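Trainee:
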Amino acid sequence: MKKVANIVFNSFVNDSRVIKESASLAKSGYEVEVIAHGDAGLAKKELLDGFKVTRLNYLDRKVTTSKKDKLKMYVSWMQEVATYVKEFDILHCNDLNTLQIAFIVKRFYNKDVKIVYDAHEYETETNGLHGVQKTLVKFLERSLIKYADKVICVSDAIANEYVKLYNIEKPALILNTPPYKEIEKKDIFRDIFNIEKDKRIFLYQGSISKGRGVEVVVESFQRLQNTNAVIVFMGYGEMETYIKEIAKKESNIYFHPAVSPDILLEYTSSADFGIATIEDSCLSYRYCLPNKMFEYMMAEIPVIVSNLPEMKRIVRGYEVGVVAKTNSFQGLQEAITEALKLDKVKLFKNIQKVKEIYNWQEQEKVLISLYKDICK
Numbered sequence: 123m124k125k126v127a128n129i130v131f132n133s134f135v136n137d138s139r140v141i142k143e144s145a146s147l148a149k150s151g152y153e154v155e156v157i158a159h160g161d162a163g164l165a166k167k168e169l170l171d172g173f174k175v176t177r178l179n180y181l182d183r184k185v186t187t188s189k190k191d192k193l194k195m196y197v198s199w200m201q202e203v204a205t206y207v208k209e210f211d212i213l214h215c216n217d218l219n220t221l222q223i224a225f226i227v228k229r230f231y232n233k234d235v236k237i238v239y240d241a242h243e244y245e246t247e248t249n250g251l252h253g254v255q256k257t258l259v260k261f262l263e264r265s266l267i268k269y270a271d272k273v274i275c276v277s278d279a280i281a282n283e284y285v286k287l288y289n290i291e292k293p294a295l296i297l298n299t300p301p302y303k304e305i306e307k308k309d310i311f312r313d314i315f316n317i318e319k320d321k322r323i324f325l326y327q328g329s330i331s332k333g334r335g336v337e338v339v340v341e342s343f344q345r346l347q348n349t350n351a352v353i354v355f356m357g358y359g360e361m362e363t364y365i366k367e368i369a370k371k372e373s374n375i376y377f378h379p380a381v382s383p384d385i386l387l388e389y390t391s392s393a394d395f396g397i398a399t400i401e402d403s404c405l406s407y408r409y410c411l412p413n414k415m416f417e418y419m420m421a422e423i424p425v426i427v428s429n430l431p432e433m434k435r436i437v438r439g440y441e442v443g444v445v446a447k448t449n450s451f452q453g454l455q456e457a458i459t460e461a462l463k464l465d466k467v468k469l470f471k472n473i474q475k476v477k478e479i480y481n482w483q484e485q486e487k488v489l490i491s492l493y494k495d496i497c498k
C-alpha cells in the first residue's frame, strides 16, 4: 500500500478540497496522512473518513507578529515536516509553500519519492502579491515545479498558463466541486429571519473577505431596499464584522454564521439565487472557478457571477444563471433584475444537467487516474 502525505500549510480545519482528495485516495487503497501545523485547541492526531491527520508542532502565530519570527516558525515547521514525511511514497503538496518541503525530501532524504503539486490558485498571480515577494514566488515556482511528477490546477485557464510559463505537460484539472447530492429544498432562511414568502432570497456564501466583491453586493442591495430582493451573507472572514453591522441597519440584508460542510447544502437550497462575485484584481481571481458556484448549482439554485472568463463560460454555456455585464454595483443590480425574470422550469432542467458533470465523483476519477499513472 502506497503511503501518501497530503501536506497543507494550515491547521486543517474545514479544508474541503483536501478532505475530499484524502478520503478519495484512502477509499482507493492508499494510506493517506494529512500533515498540517498545530494550533491551540486542535488535536495533534485525528482519524477522519479513512485517513489520518497529524498536526506537527508550530508556535502560535497570534502571539508572534514580527516577520522575522514568522519566518523562523515556518522554517522550523518545514524542517520538521520534511523529516516526518521522508519515508512516504508520495508527497501531495497543496500550494507552493509546501512544494518546498517536497524538494528538500527528494534532494536530501528520498530521491525516489513522487511529488504531486496541487496549485489551488494561480500561485504567482495572487491578490496582493507584488514587488520583491512576487519576484521570489516566481523564482521558487519556476525552480521547484520541475521536481513535480504531476501538477494539478483548479481551472483550465490556469492550467494553460502553467504550460506556457514552464513548458510542462498540461496539468490535470481537478475542480473543487461538492459530492453529488439529491436535494430536498429547505426554507431555513425564511424561518430563521422571518422573511416573507413573496421575497426572493439571494445568497452570498463562503469567504467574506476583500477581493470578493462584498462591498459591491452590499451597495447593490442597499439600492434595492424597496424591492422583493433580499440578501443573506453566510460565511466568515475579515469582513464578517462589517456585514454584521450592515445587517443591523438594513432591512433586506442578513448575516448567518458559516455552517459545517455536512449541512451546508441544506442551507444553500433555502435561497432562490446564489451570488459568486470576484474582483478582477489579479490573474488568479480572473481565472478562478470558486467552489461556491458549484455548491449553488448542486443545491439547485441558479447563479449570478462576475464577468470573468471561466465562470462566464460555465454559466452562459449551460444557461444556469446570469453573468453581470460589469463588475460594479450597476452591473450586479442589472444582473439581479435579469435573474428575477428567468424561466424557472428551464433553469431547473439545465441545473440538473450541470449537477451530473460538476460533482466530486467526476473529479475523483481524474485524481485516481493521476495517481495510478504516477505509481506505474
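Here the sequence shown is numbered in the numbering used here, starting from 123 and rising by one per residue. Glycine is no exception: its CB is placed at the ideal position from the N, C-alpha and C atoms. These numbers were taken from a predicted model, which means no experiment stands behind them.
1) By the 10 Å Cβ neighbour count, where 16 or more other Cβ atoms means buried, how is leucine 193 classified, buried or exposed?
2) Spatial neighbours of methionine 361 within its chain, please: C-beta separation below 7 Å, excluding the five flanking residues on both sides.
3) Does the beta-carbon of isoleucine 479 have 16 or more other beta-carbons within 10 angstroms, so that it is buried, or is it exposed?
4) Determine the burial state of phenylalanine 225: buried for a count of at least 16 other Cβ atoms within 10 Å of its Cβ, exposed for fewer.
5) So for arginine 334, helix, strand or coil by DSSP?
6) Have a look at Thr399, Tyr409, Ile305 and Leu405 and flag the residue whose alpha-carbon is nearest the alpha-carbon of valine 444.
7) Alpha carbon to alpha carbon, how far is valine 339 from valine 488?
8) Counting only the same chain and skipping the five closest in sequence on each side, list residues whose C-beta sits under 8 Å from that of arginine 438.
9) Pop quiz: asparagine 249 and serine 403 are said to be a contact at Cβ under 8 Å. What is the actual Cβ separation, rounded to whole angstroms?
10) Let me know the beta strand (DSSP E) ranges lying completely inside the stretch 371-398, each 3 residues or longer, listed in chain order.
11) Do you know how far the Cα of aspartate 211 is from the Cα of alanine 148?
12) Would you mind reading off the limits of the beta strand (DSSP E) that contains lysine 189?
13) For the candidate residues Glu306, Asp309, Lys268 and Pro300, whose alpha-carbon lies nearest to that of lysine 292?
14) Does the structure place the stretch 199-217 close enough to the stretch 228-238 that three or more beta carbon pairs sit under 8 Å?
15) Could you check what DSSP says for isoleucine 290 in three-state terms: helix, strand or coil?
16) Can you tell me whether threonine 176 is helix, strand or coil according to DSSP?
17) Name the DSSP bridge partner or partners of methionine 356?
18) For glutamate 168, which three-state DSSP category applies?
19) Going straight from the alpha carbon of isoleucine 317 to that of asparagine 350, what length do you get?
Mentor: Let me spell this out:
1) Here residue 193 is taken as the residue at index 71 of the sequence shown, counted from 1. Looking at its Cβ environment, which holds fewer than 16 other Cβ atoms inside 10 Å, leucine 193 is exposed.
2) Here residue 361 refers to the residue found at position 239 when the sequence shown is read from its first residue. Taken in chain order, the residues that qualify are Ile330, Ser331, Lys332 and Val336.
3) On the sequence shown, position 357 is the one that residue 479 refers to. When all chains shown are included, isoleucine 479 counts as exposed.
4) Looking up residue 225 in the sequence shown gives position 103. Under this definition phenylalanine 225 is a buried residue.
5) Here residue 334 refers to the residue found at position 212 of the sequence shown. Correct three-state label for arginine 334: coil.
6) As a working mapping, residue 444 is identified with position 322 in the sequence shown. Looking at the Cα atoms, Thr399 is the closest of the given residues.
7) One-based indexing of the sequence shown puts residue 339 at position 217. One-based indexing of the sequence shown puts residue 488 at position 366. Spanning the two alpha carbons is a distance of roughly 35 Å.
8) Reading the sequence shown from its first residue, position 316 is the one you call residue 438. Val445, listed in sequence order.
9) Along the sequence shown, read from residue 1 onward, the residue named residue 249 stands at position 127. Along the sequence shown, read from residue 1 onward, the residue named residue 403 stands at position 281. Sure, about 5 Å apart at Cβ, within 8 Å.
10) 375-379 and 395-398
11) Stepping through the sequence shown from its first residue, residue 148 is reached at position 26. Stepping through the sequence shown from its first residue, residue 211 is reached at position 89. Rounded to the nearest angstrom, the two C-alpha atoms are 14 Å apart.
12) Numbered from its first residue, the sequence shown carries residue 189 at position 67. Note, lysine 189: premise wrong, no beta strand (DSSP E); alpha helix (DSSP H) at 189-207.
13) As a working mapping, residue 292 is identified with position 170 in the sequence shown. Of the candidates Glu306, Asp309, Lys268 and Pro300, the one whose C-alpha sits nearest the C-alpha of lysine 292 is Lys268.
14) Taking a cut-off of 8 Å on C-beta distances, the stretch 228-238 touches the stretch 199-217, as three or more cross pairs fall below it.
15) Counting from one through the sequence shown, the residue named residue 290 turns up at place 168. The answer is coil: DSSP assigns isoleucine 290 none of H, G, I, E or B.
16) In the sequence shown, residue 176 corresponds to position 54, counting from 1. In the structure shown, threonine 176 sits in a strand (DSSP, three-state: E or B).
17) As a working mapping, residue 356 is identified with position 234 in the sequence shown. BP columns for methionine 356 point to Gln327 and His378.
18) If you number the sequence shown from 1, residue 168 lands on position 46. In the structure shown, glutamate 168 sits in a strand (DSSP, three-state: E or B).
19) Reading the sequence shown from its first residue, position 195 is the one you call residue 317. Reading the sequence shown from its first residue, position 228 is the one you call residue 350. Cα to Cα, isoleucine 317 sits roughly 10 Å from asparagine 350.
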